[in-house]
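Read through the structure below, which is laid out as structure tokens, and then see the notes.
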Amino acid sequence: MEVNFFGTVRCTKAFLPLIRSSQGRIVNMGSIGAHSPSAFGSSYLSTKSAMVSYSQCVRQEVHRFGVRVSLVEPGFFRTELLSSGGANGATGAKDQGEEEKLGDYPRYQDKMKATEKAIQASEFLNDVLSGGVPGVVDCVLDALCNPHPLSRYIVGVDAYILRFVVAYLPAWVVDWAQTLA
């Protein structure tokens, strides 16, 4: 929360007088995960959900000053998030003295391993169909340079599926799918 959300809030507040006087831009990096709950994603995804609300509010607050606010919401792209998330989550649990497995819940590492194949498939699709990480960068550039930027850039095949298909499924279907492993 400290970096993903409060860091953005502090930077925005610090530079807002300059941004307002120059009628500049604010571009925040969110995640499509903010709209799609995921088992064991509560720490990360809640920061991205906060980012969505914050960006929308700030967009409305500064619009009258000619400032445009855009939110980039990528799906899974080939970065180190998967490997570092799995390693940090497993290490964090051990550092806090928690047992490797708690009752009926799988170990965090087991959950990450079960999720890994689906994430890698999404990364592959996004490399091929969405231009990979450079596709995300292109959206940021558009948000910065376009005279009429979008308020929201959804990037990636998986992001579109999560935003426009999964969002309309009954909660029990999503919960069932998320807790298979």
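The sequence shown begins at 47 in this note's numbering and counts up one residue at a time. Each residue gets a CB set at the ideal place from its N, CA and C atoms; glycine is no exception.
Within the same chain, show all residues whose beta-carbon is closer than 6 Å to that of residue i, passing over the 5 residues directly before and after it, in chain order.
i    : result
A189 : V73, S116 and P195
N50  : T93
On the DSSP bridge assignment, give the partners of residue i in chain order.
i    : result
N74  : L117
I200 : E119
Please name the residue, chosen from the options, that lies closest to residue i on a Cα-to-Cα basis.
i    : options                  : result
I78  : I65, M97 and G70         : M97
T93  : M47, A205 and W218       : M47
G177 : C57, R124 and T54        : R124
G76  : S95, A167, L175 and Q166 : S95
E169 : P193, D221 and A205      : A205
R198 : Q155, P120 and R56       : P120
K157 : L62, F52, G70 and A223   : A223
Quick check on the burial criterion: 16 or more other C-beta atoms within 10 angstroms. Buried or exposed for residue i?
i    : result
Y100 : buried
P180 : exposed
R56  : exposed
Please work out which residues of its chain come closer than 8 Å, Cβ to Cβ, to residue i, disregarding the five sequence neighbours upstream and downstream, and give them in chain order.
i    : result
Y214 : none
L226 : A160
L208 : I78, G79, H81, S82 and G121
D173 : F123 and R124
Please list, in chain order, all residues of the same chain as residue i whose beta carbon is under 7 Å from its beta carbon, the five residues on each side excluded.
i    : result
V186 : V73 and V118
I200 : I78, E119, Y206 and R209
- Say whether the stretch 61-68 touches the stretch 104-114, bearing in mind that this needs 3 or more beta-carbon pairs closer than 8 Å, one atom from each stretch. The stretch 61-68 vs the stretch 104-114: in contact.
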